[in-house]
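Asks:
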Amino acid sequence: NDLYTEPYNWPFRYLPLSALYFIPFYLMGFDFGFIVFNLINLILNILICIFLYKIINLVRGKDHETDEKRVVLYICLYMISLPQIFNY
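So the number in the working numbering is just where the residue sits in the sequence shown, counting from 1, plus 4.
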């Protein structure tokens with residue numbers, strides 16, 4: 005097995021698929037790519053929060069809680085845990 009020996013020519017044997025998402029932003033340059041990346045993430049997060057709100061309201065029965073505190077908690081948990089995705 006030549007995977008860990010010196011003559012092995014392919015250095016990127018563990019290229020994550022998520023790296024493909026960042027290539028267009030790299031090609032835009034650091035300044036413009038950074039702004040576009042964050043704007044796209046902001047728009048996606050707003051849309052996901054809207055969808056979460058609608059899904060939670062559909063799943064929650066009429067006899068369940070009437071206030072929105074639990075919905076806000078779920079959306080906050082999503083927003084807190086989202087940056088951890090980029091660690092993997």
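Here a beta-carbon is modelled for each residue, glycine too, at the ideal position from N, C-alpha and C.
For the candidate residues Tyr25, Phe55, Glu72 and Val75, whose alpha-carbon lies nearest to that of Asp42?
Replies: First, the amino acid is wrong: residue 42 is Asn here, not Asp. Closest by alpha carbon: Tyr25.
Asks: Could you tell me the alpha carbon to alpha carbon distance between Asp35 and Leu46, rounded to whole angstroms?
Replies: 17 Å
Asks: Using the Cα positions of Asn61 and Gln88, report the straight-line distance between them to the nearest angstrom.
Replies: 26 Å
Asks: Using alpha carbons as the reference points, say which of Arg64, Asp71, Leu31 and Ile52 lies closest to Leu3.
Replies: No answer is possible for residue 3: it lies beyond the span of the chain, which begins at 5 and ends at 92.
Asks: Taking 9 Å as the cut-off, decide whether the C-beta atoms of Tyr78 and Leu56 are in contact.
Replies: Contact annotation: Tyr78 and Leu56 have beta-carbon atoms nearer than 9 Å.
Asks: What number of angstroms, rounded off, separates the C-alpha of Arg74 from the C-alpha of Ser85?
Replies: The alpha-carbon separation between Arg74 and Ser85 amounts to approximately 17 Å.
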